[in-house]
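Each residue of the sequence shown is one higher than the one before, starting from 7 at the first, in the numbering used here. Below: one structure, written as structure tokens.
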Amino acid sequence: MTYETWIAFAVASAIVVLIPGPNIVLTVNYAIRDGKRSGLATIPGVVLGAFIAMSLSLLGAGAVLATSAFLFTLLKLAGAMYLIWLAYSLWTAPVEDLSLSEGAASKPLPGLFWQALLISALNPKGPAFYVAFVPQFVSPIGPIFQQFSILIITFLAVATLNSLFWLFFANGMRTQFQKPAAMRLLNRVGASCLFVAGVFTARATRSA
Numbered sequence: 007m008t009y010e011t012w013i014a015f016a017v018a019s020a021i022v023v024l025i026p027g028p029n030i031v032l033t034v035n036y037a038i039r040d041g042k043r044s045g046l047a048t049i050p051g052v053v054l055g056a057f058i059a060m061s062l063s064l065l066g067a068g069a070v071l072a073t074s075a076f077l078f079t080l081l082k083l084a085g086a087m088y089l090i091w092l093a094y095s096l097w098t099a100p101v102e103d104l105s106l107s108e109g110a111a112s113k114p115l116p117g118l119f120w121q122a123l124l125i126s127a128l129n130p131k132g133p134a135f136y137v138a139f140v141p142q143f144v145s146p147i148g149p150i151f152q153q154f155s156i157l158i159i160t161f162l163a164v165a166t167l168n169s170l171f172w173l174f175f176a177n178g179m180r181t182q183f184q185k186p187a188a189m190r191l192l193n194r195v196g197a198s199c200l201f202v203a204g205v206f207t208a209r210a211t212r213s214a
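The structure is reproduced here in structure tokens:
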């Protein structure tokens, strides 16, 4: 792999992750609702979930999911139901006792980590995307494992920076959401995004 190829992959990865997905919605919501500490708790889950999905995909799970209708349907339904359940939880979350203190989160930090990890790992579009996207930047005449390792680390680093960008942006907007009505609006916008993501996940096809 040449340096130019690596740069091209890093730029392409930045473009891919720039558009907010379900994980970013979750990070932003918790950062605004409970502070930077809660938002930060979701980022390791996002990265670890993406690492699991990428590693399994490039080891062959992506090819299996691309050829097995049953396994693909099972994964996409699990991911869709989880996103829709999160949407319902966020839509109905109480907002009466909001506080701008950094001290306590409304949800335990380990729970935020596992929540983000599940969203990231259960995305049924992930395996097909990773299998289609990453190998384009791999040279068949070079060490394959080493190249895949470099590309996976690069993608995860870019995704981490993107999550941190949204986290600090959201944390800076916290004062705009001190009123319960504003927080309720944010919750419902985030819940709507998660619900739409769940619907699209449920409608995902292996060829898309």
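All C-beta atoms in this analysis are idealised placements derived from N, C-alpha and C, irrespective of residue type, glycine included. This structure is a prediction, so every number in the text was calculated from the model and none was measured.
*Going by the CB atoms, is the gap between Ala75 and Tyr136 shorter than 8 Å?*
no
*Ser19 in three-state terms, based on DSSP*: helix
_Quick check on Leu106: buried or exposed, where buried means 16 or more other Cβ atoms within 10 Å of its Cβ?_
Note that Leu106 has pLDDT 46, beneath the 50 cutoff, so the model's placement of it is unreliable and the number below is only indicative. Exposed, since its Cβ has fewer than 16 Cβ neighbours within 10 Å.
*With distances taken from CA atoms, which of Thr8, Thr181, Ile159, Phe171 is nearest Val1?*
For the chain, the structure presents residues 7 to 214; residue 1 sits outside this window and is missing.
*Provide the residue span of the alpha helix (DSSP H) that contains Thr160, from first to last.*
Counting along the chain, the alpha helix (DSSP H) containing Thr160 begins and ends at 150-178.
*In terms of alpha-carbon separation, which member of Ile21, Leu167, Ala176 lies closest to Val52?*
Leu167
*Along the chain, where does the alpha helix (DSSP H) that runs through Ile125 open and close?*
115-127
*Among Thr160, Leu118, Thr79, which residue has its Cα nearest to the Cα of Ile13?*
Thr160
_Supposed contact pair Ala122 and Asn29 - C-beta distance, whole angstroms, cut 8 Å_ = 6 Å
*Just the Cα atoms here: how many angstroms apart are Leu83 and Ala208?*
6 Å
*How many Å lie between Thr79 and Leu54 at the Cα?*
23 Å
*asked:* Helix, strand or coil for Val144? Go by DSSP, reduced to three states.
replied: coil
*Is Thr98 helix, strand or coil by DSSP?*
coil
*Quick one: grab the DSSP three-state call for Met60.*
helix
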